[in-house]
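Numbering-wise (the numbering used here), the sequence shown opens with residue 56 and increments by one.
Since the structure comes first, as structure tokens, the remarks are kept for the end.
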Amino acid sequence: MYRFNWNNWQSDPDYLTKAPDLLESAVEKGAHGVKIWKDLGLTVKDPEGNLVTIDDERFSPIWERAQQIGCIVAFHTVDPVAFFEPWNEENERWEELELHPDWSFADRSIYPARAEVLTQRNNVIRAFPNLKFQCVHGSNWSEDFSKVDQWLDEMPNMFVDTSAEDNHFYETHWRYLQTKDEQFD
56 MYRFNWNNWQ
66 SDPDYLTKAP
76 DLLESAVEKG
86 AHGVKIWKDL
96 GLTVKDPEGN
106 LVTIDDERFS
116 PIWERAQQIG
126 CIVAFHTVDP
136 VAFFEPWNEE
146 NERWEELELH
156 PDWSFADRSI
166 YPARAEVLTQ
176 RNNVIRAFPN
186 LKFQCVHGSN
196 WSEDFSKVDQ
206 WLDEMPNMFV
216 DTSAEDNHFY
226 ETHWRYLQTK
236 DEQFD
């Protein structure tokens, strides 16, 4: 998967103009698609220093080119709900956030709300119905699969995966999806 380096936009104001060609070149060299990391919508700023949204019209040429060349756009849009909630002992991921405070997106003066970023992503998916979107980690809403089911009904070009970085997590998902086993350690 190809990945844009949004930092280049800071030093090159024409980076977004070049981005569709960069994507096409990567696909010609063997990339199967492009992965849009969670920084877009949460931390990426334009050259003027403004936080940009995923559905910002300036990105439309990228989505259009991806659609033209038939590559997949994989979105890793946000982290689990707990990472957007107050960082205290009532947070189910509190111990993890204590070890990795930079994983917290709870400060609304810095980061938009989680649902807002997912809405931005879904606006892009709806705007490009002929483009395939892979939404990783249970469409970034594994806490509520009924919501994901609703999105799948609304957006037939959205695909969901259960990817994870931890091999144990893969084994658990295999057991859940491929067996009748309901007892997990």
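From the three backbone atoms N, C-alpha and C, an ideal C-beta is built for every residue, glycine too.
Because the structure is a prediction, the values reported are computed rather than measured.
Next on the checklist: Helix, strand or coil, according to DSSP, for Val128 in the structure here?
Outcome noted: strand
Next on the checklist: Along the chain, where does the beta strand (DSSP E) containing Gly88 start, and where does it finish?
Outcome noted: Gly88 to Ile91
Checklist entry - With a CB to CB cut of under 8 Å and the five nearest residues on each side skipped, what residues in its chain are close to Pro116? => result Leu71, Thr72, Ala74 and Pro75
Item to check | Boundaries of the alpha helix (DSSP H) in which Phe200 is found, first to last residue | outcome: Phe200 to Glu209
Checklist entry - I think Val172 touches Cys190, with their Cβ atoms under 8 Å apart; what is that distance to the nearest whole Å? => result Not a contact, Cβ separation roughly 12 Å.
Item to check | Three-state secondary structure (DSSP) of Lys100 | outcome: strand
Checklist entry - Do three or more CB pairs link the segment 139 to 159 to the segment 105 to 122 at distances below 8 Å? => result no
Checklist entry - Which of the three DSSP states, helix, strand or coil, is assigned to Leu106? => result strand
Checklist entry - Does the beta-carbon of His192 have 16 or more other beta-carbons within 10 angstroms, so that it is buried, or is it exposed? => result buried
Item to check | Of the listed residues Thr217, Asp199, Glu103 and Glu209, nearest to Ala137 (C-alpha basis) | outcome: Asp199
Checklist entry - How would you call Asn143, buried or exposed, if buried means at least 16 neighbouring beta carbons within 10 angstroms? => result exposed
Checklist entry - Going by DSSP, which residues form a beta bridge with Phe214? => result Gln189
Checklist entry - For the alpha helix (DSSP H) that Leu78 lies in, which residues bound it at each end? => result Tyr70 to Glu83
Next on the checklist: At the level of alpha carbons, what is the spacing between Asn222 and Lys93?
Outcome noted: Per-residue confidence for Asn222 stands at a pLDDT of 49, beneath the threshold of 50, marking its modelled position as unreliable; no derived number is given.
Checklist entry - Cβ atoms of Leu186 and Ala121: under 8 Å apart, would you say? => result yes
Item to check | Three-way DSSP call (helix, strand, coil) for Asn222 in this model | outcome: Because Asn222 sits at a pLDDT of 49, beneath the cut-off of 50, its placement in the model cannot be relied upon, and the following sentence gives the value as read from the coordinates. Reduced to three states, the DSSP call for Asn222 is helix.
Item to check | Residue burial classification, Ala170 (beta-carbon count within 10 angstroms, cutoff 16) | outcome: exposed
Item to check | Beta-carbon proximity check, Glu79 vs Ile124, cutoff 8 Å | outcome: yes
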